[in-house]
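One gets my numbering by counting positions in the sequence shown from 1 and adding 9 to each. Where is the CB? At the ideal position from N, CA and C, for every residue including glycine. As the structure is a prediction and not an experimental result, all values here were calculated from the model.
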Amino acid sequence: MALPAGTTKVKEIRLTDNAYRLLVIDIDGTLVNRYGTISDRDREALSRAQEAGIQVALSTGRGLQATVGIIRELSLDSYHISFDGALVSRLDSSEEIYASPISKELVRQMIDAAHECRVDLELFTVTHYFVERETWSTNAHRDFFSTYSTIVDFRQVWEQERILKGGVVPTSPEETAKAVSFCSQLDQHLHLSLARTPAYPGVDFINVLAPGVSKGKALEKLAAHLEVPLSEVIAVGDGTNDISLLTTAGLAIAMGNAEDEVKSIADYVTLDVDHSGLAAAIEAIL
């Protein structure tokens with residue numbers, strides 16, 4: 010039964026006439042709840058989807074290091090989208106379908122702007138999480154994402170490293186004002202996006218990416234490689250950085266905890282992450 014966008018009555022959705030072959034899901038706020046865990050119901054639903062022949066891929070703003078544990082935990086031996094769309098690869102990054110790193114010159118500009126605005130910039134590669142000092146964010150990355158920072162002088166690494174994503178995480182009004190100034194210097198040259206996690210309500214994780222990078226573009230690359238038509242892709246997400254992902258997929262499902270802007274473009278709205286909304290959607294589709 011096709012229901013209007015915005016419905017939360019997932020149990021009434023019946024889409025068995027559609028031959029969906031790829032399920033792409035966001036992590037924080039979609040798969041992982043505020044406690045940093047994945048519900049048993051969600052795990053079982055993902056297993057059922059795989060048993061039904063649907064490939065499952067993660068699509069996250071996290072770096073690959075912060076995704077490793079979940080990929081292994083759920084035995085998702087496929088390709089995944091990380092760094093908010095800057096990389097599509099297997100777990101160990103030995104096979105990359107698509108990568109869009111930030112150019113050396115733009116990395117230099119980003120570092121200069123961070124120093125000028127006095128913001129704590131973070132730089133991510135496939136294997137490293139670089140910072141210039143320990144902050145609230147480095148503690149959060151360690152405690153919640155199991156990602157450990159490496160303290161460096163950015164001026165000594167920007168030419169040598171392939172930077173896939175920059176990040177700024179303001180946690181006070183003063184830091185937010187500095188972050189706004191920083192972003193205003195870059196938004197004409199780089200792509201900026203916001204990500205959030207239920208574990209840290211009210212905290213914006215600002216992603217700084219190469220021009221043109223998005224989860225939606227990464228999904229196009231992934232689907233083409235797997236030879237799956239976009240019409241046969243299901244995408245599930247909750248954040249504004251998931252909008253391009255949802256609008257690219259054949260079926261867009263927003264979580265019940267998603268922002269209104271995300272819900273407005275979704276085909277369906279499921280339950281929230283703390284009530285296994287992902288599982289509810291999968292159960293309705295299978």
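Which residues share a DSSP beta bridge with alanine 244? Here alanine 244 is bridged, per DSSP, to Val33, Ala261.
Residues sharing a beta bridge with alanine 188, DSSP: For alanine 188, DSSP records no beta bridge to any residue.
Verify whether the separation of the beta carbon atoms of valine 222 and aspartate 247 is less than 8 Å. No, they are not a contact pair.
Which runs of the alpha helix (DSSP H) spanning at least 4 residues fall entirely within the segment 114–171, listed in chain order? Complete alpha helix (DSSP H) runs here, min 4: 145–154.
As a quick exercise: from Leu40, Ala232, Glu170, Ser181, pick the residue whose alpha carbon is nearest that of glutamate 82. Nearest in C-alpha terms to glutamate 82, of all of Leu40, Ala232, Glu170, Ser181, is Leu40.
Which of helix, strand or coil DSSP assigns to leucine 280: Note: leucine 280 maps to coil in three-state DSSP.
Exposed or buried, isoleucine 160, counting other C-beta atoms within 10 Å across all chains shown (16 or more means buried)? Of the other Cβ atoms in all chains shown, fewer than 16 fall within 10 Å of the Cβ of isoleucine 160; this residue is therefore exposed.
I'd like the span of the beta strand (DSSP E) that includes serine 98, first residue to last. Boundaries of the beta strand (DSSP E) around serine 98: 96–98.
Exposure label - proline 110; buried when at least 16 CB within 10 Å: Buried, since its Cβ has 16 or more Cβ neighbours within 10 Å.
Using DSSP bridges, identify the partner residues of tyrosine 107. Tyrosine 107 is bridged to Val97.
Taking all protein chains shown into account, do 16 or more other C-beta atoms lie within 10 angstroms of the C-beta of histidine 234, making it buried, or fewer, making it exposed? Counting the other CB atoms within 10 Å of its CB gives histidine 234 a total below 16, which places it among the exposed residues.
Write down the C-beta distance between isoleucine 215 and valine 177 rounded to the nearest angstrom, noting that I regard them as a contact closer than 8 Å. Here isoleucine 215 really is in contact with valine 177; their C-beta atoms are around 4 Å apart, less than 8 Å.
Since isoleucine 294 sits in a beta bridge, which residues does DSSP pair it with? Residue pairing from DSSP leaves isoleucine 294 without any beta-bridge partner.
Beta-carbon spacing of isoleucine 262, isoleucine 243 below 8 Å: In terms of Cβ geometry, isoleucine 262 and isoleucine 243 form a close pair [threshold 8 Å].
Between valine 116 and isoleucine 172, how many whole angstroms is the CB-CB distance? I'm expecting something under 8 Å. With a contact defined as Cβ atoms closer than 8 Å, valine 116 and isoleucine 172 qualify at about 5 Å.
Beta-carbon proximity of leucine 203 to aspartate 213, cut-off 8 Å: Yes. Within cutoff.
Consult DSSP for glutamine 59 and reduce its assignment to one of helix, strand or coil. Helix at glutamine 59.
At least 3 beta-carbon pairs within less than 8 Å: the segment 63–73 vs the segment 89–100: Counting Cβ pairs under 8 Å, three or more are found: they touch.
Report all residues from its chain with a CB closer than 6 Å to the CB of glutamine 194; omit the five preceding and five following residues, and keep chain order. Same-chain partners within the cutoff: Ala122.
Could you check the C-alpha separation between glutamate 21 and threonine 256 for me, to the nearest Å? At glutamate 21 the pLDDT is 42, less than 50, meaning the model places this residue with poor confidence and gives no usable figure here.
Do lysine 230 and isoleucine 47 count as a contact pair if the criterion is CB distance below 8 Å? No, the Cβ-Cβ distance between isoleucine 47 and lysine 230 is not below 8 Å.
Just to confirm before moving on: does the CB-CB distance between valine 135 and leucine 100 stay below 8 Å? Going by C-beta atoms, valine 135 is not nearer than 8 Å to leucine 100.
Under 8 Å between C-beta atoms of alanine 58 and leucine 31: Against a cut-off of 8 Å, the Cβ pair of leucine 31 and alanine 58 comes out as no contact.
Ignore the nearest five residues each way along the sequence and tell me which others in glutamate 241's own chain have a CB closer than 7 Å to its CB. The beta carbon of glutamate 241 sits closer than 7 Å to the beta carbons of Ala28, Tyr29, Arg30, Leu31, Gly259 from its chain, once the five residues preceding and following it are set aside; these are given in chain order.
Do the CB positions of aspartate 35 and aspartate 251 come within less than 8 Å of each other? A distance below 8 Å separates the beta carbons of aspartate 35 and aspartate 251.
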